[in-house]
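Trainee: Please read through the structure below; I'll follow up with questions.
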Amino acid sequence: MLLKLLRFYLRPHRGALLAILALQLVSTVAAMLLPGLTADVINKGLLAADSGAVVRLGLIMLVISAVQMGAQVATAYFAARTAARAGGAIRESVFAKVQRLSVAEVSEIGAPSLVTRSTNDVLQVQMVTLMGSMFIVSAPMMMIGGIVMAVLEDPPLSWLIVGAVPTLLAIMAGAIVLARPLFVVVQKRIDAINRLMREQVSGVRVIRAFNRQGTQRGTFEEASENLAGTQRRIGIVFGITFPLVQLVVMGGQVLVVWFGGLRVDAGAMEPGSIVAFLSYLMFIFMSVMFSVMMLIMVPRAEVCAGRIAEVLDVSPAIAPPAQAVAIGPRSEGRRIEFVDATFGYPGADEPVLDRISLTLQPGTTTAVVGSTGSGKTTLVNLLPRLLDVTDGELRFGGVDVRTAALGDLRSRVALVPQQAYLFGGTIRSTLSLGRGEVSDERLWQALEVAQGAGFVREYEEGLDHTVEPGGANFSGGQRQRLAIARALVHGGEVYAFDDAFSALDMATDARLRAALPTMTAGATTVVVAQRVSTIRDADQIVVLDEGRIAGLGTHEELMGDCETYREIVLSQLSEEEAA
Ligand SMILES: Nc1ncnc2c1ncn2[C@@H]1O[C@H](COP(=O)(O)OP(=O)(O)OP(=O)(O)O)[C@@H](O)[C@H]1O
Ligand SMILES: [Mg+2]
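Listed below in structure tokens is the structure:
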């Protein structure tokens, strides 16, 4: 999974990768040459008392060291750049995919997990790319080069190295087998912490109001302790691995000095070779250390890559059609037809909307009423394809919405959702969301109609007043008015207000409805509301009951023939008021 992901995202950086490999080759070869030269300095220079040779060899060593250092710095630079770019590209892909997921698909993976995946998981992959590209050539080369050079330098002594290498490899293999399953657990536990943190921060008022700080802290501590426990176990594994590796290598050095000394005494080997030999042993040690480091990171990155791929592999259920049918030129309003429109959530037995047939004419207002859970929001969400019918059809100006270009369709529908979410920024950026530059005149006009101009005018900065994420610095009613203004600025052929007037007092509600036609005249308007006063003047009223149409007509017609509607009305008004 990791390889697949990297193969794809590193493809644009092939040039840089080749440069990294070449640079590693240069720096490793240079490093390999140094111990031999050191041995020569000792054997041919110092021991032969030839100071000319010492200077000559010293200068050569200096040049080689400079080359090696330059190559290493360049390697690190290119590796860091490539890894950061690839990581950025992966993060962008994950983000773009998440933007296209439907509500159901997001809740399947979980929003907190999506956050971890696009941050921490991507970072792990990025780190492994960095380390990998820095050592992928030099680590094995140092290992093999160290062995070869040692054998060339003094074959009998190299048996020590041949014995050390398999021991080291065995230790590493053991560490991986033990650590790998733990990494899967670690990423899951980070998810859990993320989920708790998110819930507790956004629910902080509820937690305080219900005095649950103690329990919440306990839950968090438990999750935190779980993560710490797993990481401790991983720490123990590698805490044992590193000293073991060191022990083997240091033991090897002791043996080199011991047996090398005996051989020098016997005249079978020159003293400088011992120094060279110790260096080769260090190469092998270093290559093993790099490998261990990689092996700590690779299994974790592997898990992360799997989690990232899981997101990238979702094919969003609500997708743009391959061949889009044009809806037609922009107009004032559009005829909307629900033809036996049925919608059920995946896995649910009963559909939430059951064979709804309904026509909304341009220039008219359709009100939707019904008890809680009767499917009003679901009905409205079908319009901009936040949901797709599971059966039947929704026609937008005669075109099945599933065959229309998604962006085009959505730009024609202005929706005020039941839960008005405002993005952080300023009032200006909130209102012109997705519309780019909008004239102040239009923003103020929308605010006037939405009955929001009054409170916005009171801010010193006016339109540039700060909006905190979620609109946290506004009251519920102010938020609703800003959301209505946002929809008015967005404009379009269809306006849908999902319970958008509920947080407004009666008088404001009435003023708003009176002002609306100045901006929405000619459009196709849908108003979901509970208040009879809000809906009684609508051109047609749809009464929903458990996902079915229980009545359809004007207020007067429904008062005569729809029992469900009469009940709703009479719960709010007296007989005379309703007439
Ligand atoms: N994400 C979901 N998964 C499963 N079922 C859902 C989901 N969202 C809503 N439902 C179900 O769909 C039904 C209709 O919900 P909907 O939000 O359309 O009701 P509503 O008429 O807008 O209610 P309200 O007046 O409270 O806003 C409800 O019974 C609810 O249980
Ligand atoms: Mg609703």
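In terms of numbering that gives the first Met the number 0, the sequence shown is residues 0 to 578. Using N, Cα and C, we set each Cβ at its ideal position, and we do this for glycine too. Bear in mind that the values here come from a model prediction, so they are computed numbers and not experimental data.
1. Apply the 10 Å Cβ neighbour rule to Val247 and answer buried if 16 or more other Cβ atoms are within range, or exposed otherwise.
2. Is Thr365 near ligand 2 - that is, is its Cβ less than 7 Å away from at least one heavy atom of it?
3. Counting only runs of 4+ residues fully inside the stretch 469–551, write out the alpha helix (DSSP H) ranges in chain order.
4. Which value, in whole angstroms, describes the spacing of the CA atoms of Glu30 and Leu9?
5. Over the uninterrupted beta strand (DSSP E) stretch that includes Asp49, give me the two end residues.
6. Can you tell me whether Glu460 is helix, strand or coil according to DSSP?
7. If Ala499 and Val415 are in contact, beta carbons under 8 Å, what's the gap, nearest whole angstrom?
8. Under the criterion of a Cβ to heavy atom distance below 7 Å, does Gln417 qualify as lining ligand 2?
9. From Ser50 to Val62, what does the alpha carbon distance come to, in whole angstroms?
10. For Ser330, which residues in the same chain have their Cβ closer than 7 Å to its Cβ, ignoring the five residues on either side in sequence?
11. Roughly how many angstroms lie between the CA atoms of Ser112 and Gly131, to the nearest whole one?
12. What runs of the beta strand (DSSP E), each 3 residues or longer, lie entirely inside the stretch 220–254?
13. From what residue to what residue does the alpha helix (DSSP H) around Asp439 run?
14. Please name the residue, chosen from Leu357, Arg354 and Ile307, that lies closest to Arg90 on a Cα-to-Cα basis.
15. In the DSSP assignment, the beta strand (DSSP E) including Ala366 goes from what residue to what residue?
16. In this structure, does DSSP put Met313 in helix, strand or coil?
17. Starting from Phe182 and walking both ways along the alpha helix (DSSP H), at which residues does that stretch end?
18. What is the residue span of the beta strand (DSSP E) that Arg394 lies within?
19. Closest by CA to Asp353, which one among Ile192, Asp390, Glu336 and Arg456?
20. With DSSP as the reference, identify every bridge partner of Glu336, one or two as the case may be.
21. Does DSSP put Val351 in a helix, a strand or coil?
22. How many angstroms separate the CA atom of Val124 from the CA atom of Thr429?
23. Going along the chain, which residues put their C-beta within less than 5 Å of some heavy atom in ligand 1?
24. Measure the alpha-carbon distance for Gly372 versus Gly552 and round it to whole angstroms.
25. Quick one: give me the first and last residue of the alpha helix (DSSP H) that Ala21 is part of.
26. Taking the beta carbon of Glu301 as the centre, do at least 16 other beta carbons fall within 10 Å, making it buried, or is it exposed?
27. At the level of alpha carbons, what is the spacing between Ile273 and Leu22?
28. Could you pull out every residue in the same chain whose Cβ sits closer than 8 Å to the Cβ of Met579, ignoring the five residues on either side in sequence?
29. Excluding sequence positions up to five away, which residues of its chain have a Cβ less than 6 Å from the Cβ of Thr402?
30. Quick one: grab the DSSP three-state call for Val136.
31. With C-beta atoms as the reference, is Leu481 less than 8 Å away from Ile426?
32. Which class does Phe342 belong to by DSSP, given the choice of helix, strand or coil?
33. What does the Cβ neighbour count give for Leu261, buried or exposed, with the cut at 16 atoms within 10 Å?
34. Are there three or more Cβ pairs, one per stretch, closer than 8 Å when the stretch 141–149 is compared with the stretch 274–291?
Mentor: If we stick to the structure as given:
1. Val247 should be labelled buried.
2. No, the beta carbon of Thr365 sits no closer than 7 Å to any heavy atom of ligand 2.
3. Qualifying alpha helix (DSSP H) stretches, in chain order: 475–489, 505–514, 516–519 and 531–534.
4. The residue asked about is misnamed: residue 30 is Ala in this sequence, not Glu. Each residue's alpha carbon lies about 28 Å from the other.
5. First-last for Asp49: undefined, no H or E at that position.
6. Of the three classes helix, strand and coil, the one that applies to Glu460 here is coil, per DSSP.
7. Yes, they are in contact, since the Cβ atoms of Ala499 and Val415 sit about 4 Å apart, within 8 Å.
8. Taking 7 Å as the cut-off, the C-beta of Gln417 counts as close to a heavy atom of ligand 2.
9. If I take the Cα positions, the gap works out to 19 Å.
10. Closer than 7 Å at the Cβ level, and outside the excluded window around Ser330, lie Glu492.
11. Distance between the alpha carbons of Ser112 and Gly131 is about 26 Å.
12. Secondary structure in the stretch 220–254: no beta strand (DSSP E) run of 3 residues or longer lies completely within the stretch.
13. Start and end: Asp439 to Val448.
14. Comparing Cα positions, the closest option is Ile307.
15. Unbroken beta strand (DSSP E) run through Ala366: Thr364 to Gly369.
16. First, the amino acid is wrong: residue 313 is Val here, not Met. The answer is coil: DSSP assigns Val313 none of H, G, I, E or B.
17. Segment Trp158 to Ser201, the alpha helix (DSSP H) holding Phe182.
18. It spans Asp390 to Phe395 - the beta strand (DSSP E) in which Arg394 sits, taken as one unbroken run.
19. It is Asp390.
20. Paired residues: Thr358 and Arg394.
21. For Val351, the secondary structure class from DSSP, reduced to helix, strand or coil, is coil.
22. Those two C-alpha atoms are separated by around 35 Å.
23. What you get when you keep residues with a C-beta closer than 5 Å to any heavy atom of ligand 1 is Tyr344, Val351, Thr371, Gly372, Ser373, Gly374, Lys375, Thr376 and Thr377.
24. Straight across, the Cα-Cα distance linking Gly372 with Gly552 is about 21 Å.
25. Start and end: Arg13 to Asp39.
26. Flag for Glu301 reads buried.
27. So the alpha carbons of these two residues sit roughly 29 Å apart.
28. Given that the chain is displayed from residue 0 to residue 578, the structure contains no residue 579 and the question cannot be resolved.
29. Taking C-beta separations shorter than 6 Å and ignoring five residues to either side along the sequence, the partners of Thr402 in its chain run Pro320 and Val324, following chain order.
30. Under the three-state reduction of DSSP, Val136 is assigned to coil, being neither helix nor strand.
31. Yes, they are a contact pair.
32. In the structure shown, Phe342 adopts extended strand secondary structure according to DSSP, grouped into three states.
33. Burial state of Leu261 is exposed, judged by a 10 Å Cβ sphere holding fewer than 16 other Cβ atoms.
34. As far as the Cβ criterion goes, the stretch 141–149 touches the stretch 274–291, which means the pair count is three or higher.
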